[in-house]
Structure formats: C-alpha cells, structure tokens
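Trainee: Numbering follows the UniProt record's numbering, with no gaps: position 9 of the sequence shown is 9.
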Amino acid sequence: MALAFALGVAATATNAQDEIAIFDPNMLVQGIGGVTIDPRRFQRVNYAEAGTHHLDVYFNGQWRGVEDIEFRHIEGFDSAVPCYDTAFLDRGGLDLNKVSRAEGVDPLPDALTCEELAAYVPGGQIKLDIAQQRLYITYPEYLQRLAASHRYVDPSQWDSGMTAARLNYTVNVYTSEGAGRRMTRGYSGLNLGVNVGALRFRHTGSVTWSTRNGARYQASSYYVQTDLPSWQSQLLLGESATSGELFDSVTFRGVQLASDDRMLPETLRYYTPIVRGTANSNAKVSVYQRGFLVYETTVSPGPFAIEDVRANSYGGDLDVRVTEADGSSRSFVVPFATIVQLLRPGTTQYSLTAGRAADPGLRGSSQYVLQGTLKRGVGDAVTAYGGLAFTDDYRSMLLGAAMSTRIGAFAADVTTARADLPGSGKRSGASYRLTYSKDLPNSGTSFSLLAYRYSTSGYVGLGEAVAAGRTSHGDGYRPFRVNGMRSRFDANINQALGERWGSVYVAGSAANYWSERGNALNYALGYSNSWNRISYSLGVQRVHNVGGADGYRRGNGDRSTQVTLNISISLGSAASGGSPRLNTFYSRDSQSGTRLTTGATGALDEESAGTYSVSASHTGGNGSNTADASLAYQFPQVSVSASVGAGQGYRQASMSANGGVLVHGGGVTFAQAMGETVALVEAKGAQGARVGYGFNQVDARGYAIVGHLTPYRLNSVDLDPKNIPDDIELKTSSVNIAPRAGAIAKLVYPTLRARQLLIRSTQADGASLPFGAEVIDVATALPVGVVGQGSRIVMRAEQDSGTVRVQWGTGDDEQCLIDYQLPERNTSKGYDVLELACTAGVATPVLKAAAGDALTMR
Numbered sequence: 001m002a003l004a005f006a007l008g009v010a011a012t013a014t015n016a017q018d019e020i021a022i023f024d025p026n027m028l029v030q031g032i033g034g035v036t037i038d039p040r041r042f043q044r045v046n047y048a049e050a051g052t053h054h055l056d057v058y059f060n061g062q063w064r065g066v067e068d069i070e071f072r073h074i075e076g077f078d079s080a081v082p083c084y085d086t087a088f089l090d091r092g093g094l095d096l097n098k099v100s101r102a103e104g105v106d107p108l109p110d111a112l113t114c115e116e117l118a119a120y121v122p123g124g125q126i127k128l129d130i131a132q133q134r135l136y137i138t139y140p141e142y143l144q145r146l147a148a149s150h151r152y153v154d155p156s157q158w159d160s161g162m163t164a165a166r167l168n169y170t171v172n173v174y175t176s177e178g179a180g181r182r183m184t185r186g187y188s189g190l191n192l193g194v195n196v197g198a199l200r201f202r203h204t205g206s207v208t209w210s211t212r213n214g215a216r217y218q219a220s221s222y223y224v225q226t227d228l229p230s231w232q233s234q235l236l237l238g239e240s241a242t243s244g245e246l247f248d249s250v251t252f253r254g255v256q257l258a259s260d261d262r263m264l265p266e267t268l269r270y271y272t273p274i275v276r277g278t279a280n281s282n283a284k285v286s287v288y289q290r291g292f293l294v295y296e297t298t299v300s301p302g303p304f305a306i307e308d309v310r311a312n313s314y315g316g317d318l319d320v321r322v323t324e325a326d327g328s329s330r331s332f333v334v335p336f337a338t339i340v341q342l343l344r345p346g347t348t349q350y351s352l353t354a355g356r357a358a359d360p361g362l363r364g365s366s367q368y369v370l371q372g373t374l375k376r377g378v379g380d381a382v383t384a385y386g387g388l389a390f391t392d393d394y395r396s397m398l399l400g401a402a403m404s405t406r407i408g409a410f411a412a413d414v415t416t417a418r419a420d421l422p423g424s425g426k427r428s429g430a431s432y433r434l435t436y437s438k439d440l441p442n443s444g445t446s447f448s449l450l451a452y453r454y455s456t457s458g459y460v461g462l463g464e465a466v467a468a469g470r471t472s473h474g475d476g477y478r479p480f481r482v483n484g485m486r487s488r489f490d491a492n493i494n495q496a497l498g499e500r501w502g503s504v505y506v507a508g509s510a511a512n513y514w515s516e517r518g519n520a521l522n523y524a525l526g527y528s529n530s531w532n533r534i535s536y537s538l539g540v541q542r543v544h545n546v547g548g549a550d551g552y553r554r555g556n557g558d559r560s561t562q563v564t565l566n567i568s569i570s571l572g573s574a575a576s577g578g579s580p581r582l583n584t585f586y587s588r589d590s591q592s593g594t595r596l597t598t599g600a601t602g603a604l605d606e607e608s609a610g611t612y613s614v615s616a617s618h619t620g621g622n623g624s625n626t627a628d629a630s631l632a633y634q635f636p637q638v639s640v641s642a643s644v645g646a647g648q649g650y651r652q653a654s655m656s657a658n659g660g661v662l663v664h665g666g667g668v669t670f671a672q673a674m675g676e677t678v679a680l681v682e683a684k685g686a687q688g689a690r691v692g693y694g695f696n697q698v699d700a701r702g703y704a705i706v707g708h709l710t711p712y713r714l715n716s717v718d719l720d721p722k723n724i725p726d727d728i729e730l731k732t733s734s735v736n737i738a739p740r741a742g743a744i745a746k747l748v749y750p751t752l753r754a755r756q757l758l759i760r761s762t763q764a765d766g767a768s769l770p771f772g773a774e775v776i777d778v779a780t781a782l783p784v785g786v787v788g789q790g791s792r793i794v795m796r797a798e799q800d801s802g803t804v805r806v807q808w809g810t811g812d813d814e815q816c817l818i819d820y821q822l823p824e825r826n827t828s829k830g831y832d833v834l835e836l837a838c839t840a841g842v843a844t845p846v847l848k849a850a851a852g853d854a855l856t857m858r
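Right, dumping it as structure tokens:
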C-alpha cells in the first residue's frame with residue numbers, strides 16, 4: 001500500500017528536466033527487522049532513451065495521428081527530450097502566423113529543434129506519456145488554426161485502408177396461402193465491393209425468385225470511386241446519380257467529379273455567421289445560443305472577427321456578450337438562420353457530371369447528359385450558386401443566392417430552360433423558387449422549410465427532358481407527355497407547446513399544373529405528447545392527386561383522408577428501455593374504413609438484441625380479423641427475423657436475414673451490415689471482446705468488424721475486455737483511426753497470452769521476500785510481476801516453464817531465483833497457485849535487449 005501511495009504522487013514528466021520522486025526506504029520495510037528494497041528504480045518518471053519513438057500525437061487534447069518523433073540527449077536533461085520542427089507544429093493545427101506575431105518568444109526555426117516549446121510558443125508545453133506511448137502538445141486556444149479544430153485530422157494522417165472485399169446482403173423469403181393458391185417468393189439484395197489501395201469498386205444488384213417465374217438477377221449500379229484529398233473531392237467512374245440539390249436527380253453512366261465537404265473541418269462544413277465586434281481592452285467574448293454558452297474566448301483591444309463559433313448548425317440567433325477588463329460589459333445579437341444552400345465565407349462546393357442517362361425505364365439509345373453546379377460563400381451571410389445542364393435536346397441554366405437575415409434564412413433562384421422534345425416540339429420557359437427557414441427558440445416554433453416554386457407554361461425540368469424520349473407504360477411504350485407544373489408550395493412547421501403539453505406539426509404540399517384542373521394536395525397534421533409511462537399521438541393526413549409525375553392522369557377518385565390515433569403504454573420501469581409496451585393503433589380511412597390494432601412489443605434480453613411483437617387487428621369495413629407475430633435477433637455475425645400471420649382466408653410466413661461479409665488476408669469475417677467506411681479489428685486470442693457500442697464481438701480467430709466509421713475524422717474504437725479469456729491481456733484497448741471514405745481500415749490490438757500466477761515463496765533461509773521487490777523474467781529481462789504482502793508474487797507467465805529473478809537491490813545477496821512449471825489449466829479460478837522456493841543465485845538473461853528494444857529502467 002505504501003508503494004502504491006508513493007507511486008501515485010509521482011508527477012508526469014515533461015520535456016523539461018525529468019522530475020525526481022524521492023522515496024523513504026524505511027516506509028518499505030518487510031516486517032519487523034526485515035530488509036528494505038532499493039527504491040531508486042521508481043525515481044524517474046517517463047524516462048526516454050535517445051532515438052526515434054513511434055508515438056500517438058495529441059495537440060490540445062485532439063489526436064492528430066501517429067508520428068516518428070526523434071528524441072535527443074540534451075545537456076542538463078537526464079532523459080532524452082523530443083525534437084520538432086515547424087512542419088510538425090503546422091500539421092498539428094498550430095497557427096504559425098499567429099505565433100510569429102506573438103511577443104516575448106523567439107522566432108520558430110525551420111530546422112529541427114529540441115528546445116522547450118515555450119521558448120517559441122507562448123504557453124506551449126510538450127509532455128510525454130511513455131506508458132501510453134503518447135506525446136501531448138498544448139498551447140493557448142487562440143493560437144489554434146481554425147481548420148484544425150473539432151476532431152480534424154491532417155490529410156497526411158488519413159488512412160487508405162487495406163486491400164479486401166466486402167459484401168452486404170439482405171435475404172427474405174415470403175410464402176402465402178389463400179383462395180386455393182400458394183405462392184413463395186424470395187429476394188436477395190447484394191452490395192459488393194473491392195478495395196485496392198485508394199480505389200473502391202462497387203456493385204449493387206438483386207436476385208428475385210418465385211415459384212411461378214423462377215430466378216432473375218438485376219444489376220442496379222456499378223462504379224469505381226476514389227477520393228482526391230488535395231482537391232477535397234471524389235472522382236467516380238461508372239453508374240450513379242446526381243445529387244438533385246439544384247437540378248432534378250438523374251441516373252447516369254459516365255464520370256463525376258464532385259467536392260466532398262466531409263474533408264473540411266467541422267467549423268467549415270456548416271454555415272455559422274462570423275461574430276464581429278470591437279474590444280476596448282483585453283476582453284472576454286462569450287457567445288450564447290438558446291441560453292447555452294457555445295463559445296468563449298479572449299480578444300485583444302480593437303476590432304475582432306471570430307470565425308470558429310461552434311453553434312448549433314440548425315440555426316438560432318447568437319447572443320454575444322463582451323466583458324472588458326474593468327468588468328463592464330455590453331451585448332449584441334448576431335442573426336443566425338441557416339438553409340441548405342448557405343456556405344461558410346470562402347468555401348466552395350461543386351460538381352461536374354458527364355455521361356449518358358441510365359434511367360431503367362428508358363429504352364433505345366439514351367441521351368447524353370452534362371451537368372455542372374457551383375456554390376460559393378461570398379460574404380458573411382451570402383452564398384451565390386448556379387449551374388448548367390445539357391442533354392441532346394435540352395439546355396438549362398440556374399442562378400441563385402442564399403442569405404441569412406434577422407428574420408430568417410432565404411434562398412431564391414431562377415432556372416431557364418429550352419427544349420426540343422419528341423411529341424412536344426420546341427419549348428422554353430423559366431422556373432422561380434423561393435425558400436425560407438427560421439427557428440424561433442423562444443416560442444418553440446421551427447419553420448424548417450417553406451418553399452414556393454412558380455414555372456411558366458413552357459418550362460421543362462431536367463428530369464422530364466431525360467425521360468421525354470421513350471418511357472415504359474404498361475406493356476407498351478408511347479411518347480412522354482410533359483406534365484407542366486405551374487406552381488408548388490411546400491411547408492414543414494413544428495411547434496413545441498411547452499414541457500408538459502407536447503408538440504404539433506404541419507407538413508404538406510400543394511401543386512397545380514398547366515395541363516390539369518384543380519390542385520394536387522398532400523398534407524399532414526399531428527399532435528404528440530407523453531404522460532408518465534403513456535405516450536400518444538393523433539394525426540390527420542389528406543391526399544388529393546390530379547395527375548402523376550409521369551404526366552398521366554390517375555382519375556378524379558384518387559383522394560383520401562386518414563385519421564390515426566396511437567397509444568403506447570410501458571409495462572415496466574420508466575428507466576428500462578427494453579420494457580414491454582402495450583400498443584393500440586386506430587385508423588379511419590375514407591376509402592378502406594376503420595382498423596383497430598392492439599399488440600405488445602418488447603425485448604428478449606437486457607441489451608435488446610432480441611425483440612418480439614404480437615398483435616391482433618379488426619377491420620370494420622368487412623369485419624375481418626387478423627393476427628400477427630414476429631421475432632428478431634441481432635447476433636454478432638447476422639441479424640435474423642421471422643414473422644407469421646393469419647386472417648380470414650389466408651396465412652403467411654416470412655424469414656429474413658441481413659449482414660455483412662469481409663474477405664481479407666486473414667480469412668473471412670462475418671458481421672452486421674456494414675456502412676460506407678469500416679474497419680477490421682485484429683485482437684488475437686481476445687475472443688468475446690465487445691467492439692464499440694454495437695453487438696459485434698471478436699470471433700474465435702481474433703477478428704471483428706467495426707461497421708460504421710466517420711471518414712476523415714478521428715474515430716476512437718474501444719474493445720471491452722470483459723468477456724475475453726483469463727489468459728489473454730489486451731496491451732491496448734483503444735485505437736485511433738482517421739479513414740478515408742469507403743476505406744477498409746485495419747486496427748491491430750496487441751495481445752499477450754499469459755497465465756496468471758499467484759506464487760507463495762520465501763528465501764532459502766525461510767525469510768519472506770521483501771515487499772515491492774521486482775520480479776523479472778530471466779529469458780527476456782522484462783518485468784513480469786511484483787512481490788506483494790505476505791511474500792506472495794502476482795505475475796503472468798507466457799511460457800509453460802521458466803525462471804524468474806526476484807530483485808530488491810543491486811547486490812548478489814539482494815536477489816534470488818524461482819524456477820516454475822505450470823500445472824494443468826485451472827478454469828474455475830482463472831489463475832494458478834504455486835508454492836516455490838526462491839534460491840540464491842544470479843542469472844544472466846538468455847536474450848539480450850538489442851538497441852531500440854524496450855529495457856527496464858532503474
């Protein structure tokens with residue numbers, strides 16, 4: 001206990017002189033009249049040898065990558081100290097321009113230097129954690145470069161991943177029986193990929209099967225993609241679709257080059273206004289949003305502009321308070337409302353697409369498609385955007401601007417188009433669009449979208465132009481008829497009614513057409529709330545269609561109104577997320593009548609890996625009754641589900657499974673369905689260790705899959721060693737990675753297979769071993785344990801037999817040897833207990849530590 005206390009007070013060493021911790025040897029006496037141990041080996045903390053060290057590097061607490069850091073012995077320093085240059089500091093996010101203007105420090109040299117960081121950077125400090133193999137660099141926040149904040153990782157540290165193949169699959173088999181007929185259908189969706197270096201080959205397809213038509217495979221898309229970090233863009237060759245942000249989305253087969261804002265720092269990805277003001281002294285600037293402090297910094301006298309305010313990206317005005325050195329303060333408001341078109345000042349988004357239209361409904365020779373879009377943040381609150389689109393018989397141009405104001409965010413644009421379409425002749429026209437967004441936190445109102453579009457009679461959209469050649473209709477083909485939308489209004493409004501009164505929402509759209517009479521109407525109203533363990537919602541939805549998007553009239557009867565009521569009651573404690581719930585759902589539809597469904601849902605275990613659902617329904621129109629039941633379970637390697645149902649005159653059953661497969665150099669690993677960017681975990685022997693927060697576990701071969709990583713950002717992946725075998729020790733339980741989009745990264749967690757031993761031992765004369773004496777493996781010269789109270793040794797043995805040296809001083813009479821032979825494995829305790837004598841002697845290590853190998857420092 002005394003040793004643990006003494007070690008606990010040792011401070012972390014810095015790049016300055018290693019701190020020396022002086023221990024009183026009289027505190028570490030083994031019994032009355034016992035011997036003391038030599039505590040000098042505990043005096044130096046974080047001692048480092050000269051040479052190159054492979055370290056995780058952290059700047060102001062943010063991981064910036066793994067680098068080879070050179071350490072040199074400097075006169076006056078007991079331990080070697082780390083060396084650095086300007087390129088290293090720049091990669092970490094230090095603003096070298098601000099550093100060069102700082103007072104009281106020397107200019108940063110271009111060459112490698114081993115001086116203390118504070119000599120060149122005000123308040124700078126470098127700390128080494130040799131046990132964790134980490135180097136920490138800290139400095140004042142105001143010296144941080146904007147582009148380096150918030151999990152940003154320098155592009156030089158982005159990981160391209162390994163060469164491997166991947167597959168996501170979904171399999172469903174459905175069988176039904178009724179009206180004297182029985183039918184079975186099957187479906188399998190496949191998403192295949194192969195990664196080679198920075199190239200990502202992808203293919204999506206599906207297999208359908210039925211007892212009547214047999215099996216059929218349909219390919220949906222195929223492409224190869226790579227990222228271009230220097231351009232902050234993605235390059236794609238093959239079949240894909242345009243984004244649909246400015247023009248109609250079009251499926252194409254060709255080439256696409258588009259910016260990828262995921263490569264930008266968080267502070268540049270989303271629009272937030274620049275906070276500008278003037279300080280009369282060294283003032284503190286505090287920024288609040290919705291009453292919460294979101295940013296605070298100190299500024300020098302004079303004008304200031306704060307560009308990296310980390311506000312909520314959904315908007316809400318910023319309340320700014322400037323507190324001067326004399327305590328006086330003043331406040332002002334910076335309007336902040338955002339909309340999808342708004343960008344940070346100086347940032348750019350673009351896309352270029354060229355190829356042939358590849359819509360599955362098109363037959364014959366498809367049209368060429370060329371499209372380009374550009375958005376640019378041109379001011380603190382203004383973004384300009386535009387685009388061009390061409391096909392064989394179509395030309396279109398779009399110009400617009402977005403602006404953030406005190407009353408909300410607006411975007412306005414105009415699109416002009418000229419077309420010469422089969423069956424419609426030459427047409428020209430324009431379309432005008434106005435979009436508004438505003439969040440009113442004080443009233444709880446959120447206008448997430450209010451949009452109005454008006455088009456002249458001759459206007460044709462890009463989607464209509466692409467489909468205007470030949471399109472499928474029933475079993476035959478006929479020329480496409482332009483629908484001619486005249487105007488459209490969209491709204492999405494949410495209103496909170498207070499903490500106890502729930503919330504209401506309104507969402508809908510209204511449109512009319514040049515070629516149709518009446519309005520197409522689609523809207524939904526709803527209210528939701530909860531009380532104790534009861535949650536409930538009420539909704540109304542109305543649909544009235546006058547024509548289809550394909551230009552063909554669907555009939556005057558295509559209108560319906562539906563009213564729904566949903567009540568859910570928790571049958572367990574409020575704190576238990578997996579508690580069973582009783583659910584009742586009532587609906588009344590103007591076309592199909594009333595339907596009442598009552599059932600229960602719940603979890604099969606505490607982690608909700610397994611779930612169940614049972615329900616019974618009654619339909620008022622025809623008086624029919626139905627019953628349904630389902631089970632689902634998420635295994636580490638696959639998710640499976642099954643359902644059965646029965647009603648008047650029919651029965652049905654289905655089974656489904658979905659998951660992922662990764663083929664790599666170590667074999668084949670199964671897991672849950674994977675996202676775009678994944679990682680393969682290698683932890684040999686750590687079977688059963690939980691990976692991250694999902695259900696994935698390390699398998700018997702030591703592999704697991706992390707199915708979802710954030711590209712171009714710091715990802716910390718943790719292993720939970722709770723369920724690993726007793727003879728396995730994780731040398732590290734957390735690994736950092738910053739993968740490129742679509743990469744299959746590899747994360748290696750070194751493990752040590754060693755059995756735990758409790759050795760009761762005494763010296764040759766029967767005296768107890770000194771408390772705190774070090775136990776060293778003779779074969780490797782590495783420490784493996786320590787002598788505890790009662791002359792007991794706790795250690796880990798990697799070999800079935802061997803010799804350890806117990807050492808409590810430097811003299812030959814201050815050490816002894818223990819030879820051990822492991823017994824049969826004891827699975828009940830998780831460790832083995834041995835009683836062995838410690839005989840006098842001095843052993844020379846069989847293996848000498850070579851240069852650069854780890855050494856026990858004393």
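Here a beta-carbon is modelled for each residue, glycine too, at the ideal position from N, C-alpha and C.
These numbers come from a predicted model, not from an experiment.
Provide the residue span of the alpha helix (DSSP H) that contains residue 90, from first to last.
Mentor: By one-based count along the sequence shown, residue 90 stands at place 90. Element bounds for residue 90: 86-92.
Trainee: Assuming residue 343 contacts residue 310 under a Cβ cut-off of 8 Å, what Cβ separation, rounded to an integer in Å, is found between them?
Mentor: By one-based count along the sequence shown, residue 343 stands at place 343. By one-based count along the sequence shown, residue 310 stands at place 310. At roughly 17 Å, the Cβ-Cβ gap does not stay under 8 Å, so residue 343 and residue 310 are not in contact.
Trainee: Apart from the five residues just before and just after residue 162, which ones in its own chain have a Cβ nearer than 8 Å to its Cβ?
Mentor: Taking the sequence shown and counting its residues from 1, the one referred to as residue 162 is at position 162. Contacts found: 195, 664, 665, 680, 744, 745, 746.
Trainee: For a test of the three-state rule: what should DSSP assign to residue 58, helix, strand or coil?
Mentor: On the sequence shown, position 58 is the one that residue 58 refers to. Strand, per DSSP.
Trainee: Would you say residue 435 and residue 338 are within 9 Å of each other, going by their C-beta atoms?
Mentor: As a working note, residue 435 is residue 435 in the sequence shown. As a working note, residue 338 is residue 338 in the sequence shown. Against a cut-off of 9 Å, the Cβ pair of residue 338 and residue 435 comes out as no contact.
Trainee: Among the residues of its own chain, which have a CB less than 7 Å from the CB of residue 157, if the five just before and after it don't count?
Mentor: The residue you call residue 157 lines up with position 157 of the sequence shown. Closer than 7 Å at Cβ, skipping near neighbours: 64, 65, 738.
Trainee: Would you kindly check if the distance between the Cβ of residue 657 and the Cβ of residue 641 is under 9 Å?
Mentor: Locating residue 641 in the sequence shown gives position 641, counting from the first residue. Locating residue 657 in the sequence shown gives position 657, counting from the first residue. Closer than 9 Å, so yes.
Trainee: What would DSSP say about residue 722, mapped onto helix, strand or coil?
Mentor: Locating residue 722 in the sequence shown gives position 722, counting from the first residue. In this structure, residue 722 counts as helix in the three-state DSSP scheme.
Trainee: Compute the distance between the beta-carbons of residue 497 and residue 508, then report whether it is under 9 Å.
Mentor: Indexing the sequence shown from 1 puts residue 497 at position 497. Indexing the sequence shown from 1 puts residue 508 at position 508. Result no, Cβ atoms of residue 497 and residue 508 do not sit closer than 9 Å.
Trainee: Going by Cα to Cα distance, which pick from 524, 707, 510, 505 is closest to residue 487?
Mentor: Translated into the one-based positions of the sequence shown, residue 487 becomes position 487. Ranking 524, 707, 510, 505 by Cα distance to residue 487 puts 510 first.
Trainee: When you compare only the Cα positions, how much space is there between residue 639 and residue 659?
Mentor: Counting from 1 along the sequence shown, the entry for residue 639 is found at position 639. Counting from 1 along the sequence shown, the entry for residue 659 is found at position 659. Looking at the two C-alpha atoms, the distance is approximately 6 Å.
Trainee: Quickly, what does DSSP pair residue 204 with across the bridge? List them, please.
Mentor: Locating residue 204 in the sequence shown gives position 204, counting from the first residue. Partner(s): 191, 221.
Trainee: Can you list, in chain order, the residues of its chain whose CB lies under 6 Å from that of residue 653, leaving out five sequence neighbours each side?
Mentor: As a position in the sequence shown, residue 653 is number 653, starting the count at 1. Here the set comprises 175, 644.
Trainee: Can you list, in chain order, the stretches of the beta strand (DSSP E) that have 3 or more residues and sit fully within the segment 742-789?
Mentor: As far as the segment 742-789 is concerned, its whole beta strand (DSSP E) runs of at least 3 residues are 744-748, 751-753, 755-760, 774-777, 783-787.
Trainee: From which residue to which residue does the alpha helix (DSSP H) around residue 465 run?
Mentor: The residue given as residue 465 occupies position 465 in the sequence shown. Segment 462-466, the alpha helix (DSSP H) holding residue 465.
Trainee: Who are the near neighbours of residue 209 in its chain, counting only those whose CB is closer than 6 Å to its CB and skipping five residues on each side?
Mentor: Residue mapping note: residue 209 aligns to position 209 of the sequence shown, counting from 1. Cβ within range, chain order: 186, 215.
Trainee: Given residue 87, which residues of its chain have a CB within under 6 Å of its CB, disregarding the five upstream and five downstream residues?
Mentor: As a working note, residue 87 is residue 87 in the sequence shown. Taken in chain order, the list of residues that qualify is empty.
Trainee: What does DSSP give as the partner residues of residue 397 in its beta bridges?
Mentor: Indexing the sequence shown from 1 puts residue 397 at position 397. Beta-bridge pairing links residue 397 to 388, 416.
Trainee: Are the beta-carbon atoms of residue 677 and residue 709 separated by less than 9 Å?
Mentor: Residue mapping note: residue 677 aligns to position 677 of the sequence shown, counting from 1. Residue mapping note: residue 709 aligns to position 709 of the sequence shown, counting from 1. Cβ distance < 9 Å, so residue 677 and residue 709 count as in contact.
Trainee: Could you give the first and the last residue of the continuous beta strand (DSSP E) run that contains residue 611?
Mentor: Stepping through the sequence shown from its first residue, residue 611 is reached at position 611. Run containing residue 611: 610-619, per the beta strand (DSSP E) assignment.
Trainee: Taking 6 Å as the limit between beta carbons, can you name the residues of its chain near residue 463, skipping five residues before and five after?
Mentor: Taking the first residue of the sequence shown as position 1, residue 463 is located at position 463. Answer for residue 463: 248, listed in chain order.
Trainee: So the beta strand (DSSP E) residue 321 belongs to, where does it begin and stop?
Mentor: In the sequence shown, residue 321 corresponds to position 321, counting from 1. Unbroken beta strand (DSSP E) run through residue 321: 318-323.
Trainee: On the DSSP bridge assignment, give the partners of residue 672 in chain order.
Mentor: Here the question's residue 672 lines up with position 672 in the sequence shown. DSSP output for residue 672 lists no bridge partner at all.
Trainee: Please state the DSSP three-state secondary structure of residue 522.
Mentor: Within the sequence shown, the letter at position 522 stands for residue 522. It is a strand residue.
Trainee: Going by beta-carbon coordinates alone, are residue 714 and residue 757 separated by less than 9 Å?
Mentor: Locating residue 714 in the sequence shown gives position 714, counting from the first residue. Locating residue 757 in the sequence shown gives position 757, counting from the first residue. Not closer than 9 Å, so no.
Trainee: Is DSSP giving residue 142 helix, strand or coil here?
Mentor: As a position in the sequence shown, residue 142 is number 142, starting the count at 1. DSSP places residue 142 in helix when its eight states are reduced to three.
Trainee: Could you name the residues of the same chain whose beta carbon sits closer than 6 Å to that of residue 276, not counting the 5 residues immediately before and after it, in chain order?
Mentor: Translated into positions along the sequence shown, residue 276 becomes position 276. The residues are 305.
Trainee: Relative to the C-alpha of residue 598, which residue among 832, 565, 371 is closest?
Mentor: Locating residue 598 in the sequence shown gives position 598, where the first residue counts as 1. Minimum Cα distance to residue 598 is reached at 565.
Trainee: Using C-beta distances below 8 Å, list every residue in its chain close to residue 623, excluding the 5 sequence neighbours before and after it, in chain order.
Mentor: As a working note, residue 623 is residue 623 in the sequence shown. Cβ within range, chain order: n/a, list empty.
Trainee: Cα separation between residue 514 and residue 466?
Mentor: As a first step, residue 514 must be located in the sequence shown, where it is residue number 514. As a first step, residue 466 must be located in the sequence shown, where it is residue number 466. Residue 514 and residue 466: Cα-Cα distance of roughly 20 Å.
Trainee: Name, in chain order, the residues that DSSP records as bridge partners for residue 544.
Mentor: Residue numbering aside, residue 544 sits at position 544 when the sequence shown is read from its first letter. Paired residues: 521, 559.
Trainee: Could you tell me the distance, in whole angstroms, from the CA atom of residue 240 to the CA atom of residue 372?
Mentor: Here residue 240 corresponds to residue number 240 of the sequence shown, with the count starting at 1. Here residue 372 corresponds to residue number 372 of the sequence shown, with the count starting at 1. Going from the Cα of residue 240 to the Cα of residue 372 covers about 15 Å.
Trainee: State yes or no: is the C-beta of residue 134 within less than 9 Å of the C-beta of residue 94?
Mentor: The residue labelled residue 134 in the question sits at position 134 within the sequence shown. The residue labelled residue 94 in the question sits at position 94 within the sequence shown. Not a contact, by the Cβ cut-off of 9 Å.
Trainee: With three or more beta-carbon pairs closer than 8 Å as the criterion, would you say the segment 766-776 touches the segment 784-795?
Mentor: Contact holds: three or more Cβ-Cβ distances are below 8 Å.
Trainee: Among residues of its own chain, excluding the 5 on either side of residue 458, which ones have a beta-carbon nearer than 6 Å to its beta-carbon?
Mentor: Taking the sequence shown and counting its residues from 1, one reaches residue 458 at position 458. Contacts found: 427, 428, 429.
Trainee: Could you check what DSSP says for residue 2 in three-state terms: helix, strand or coil?
Mentor: Stepping through the sequence shown from its first residue, residue 2 is reached at position 2. Summary for residue 2: the model assigns pLDDT 37, below 50, so the residue's position carries little reliability; its value from the coordinates is reported in the next sentence. Three-state result, residue 2: helix.
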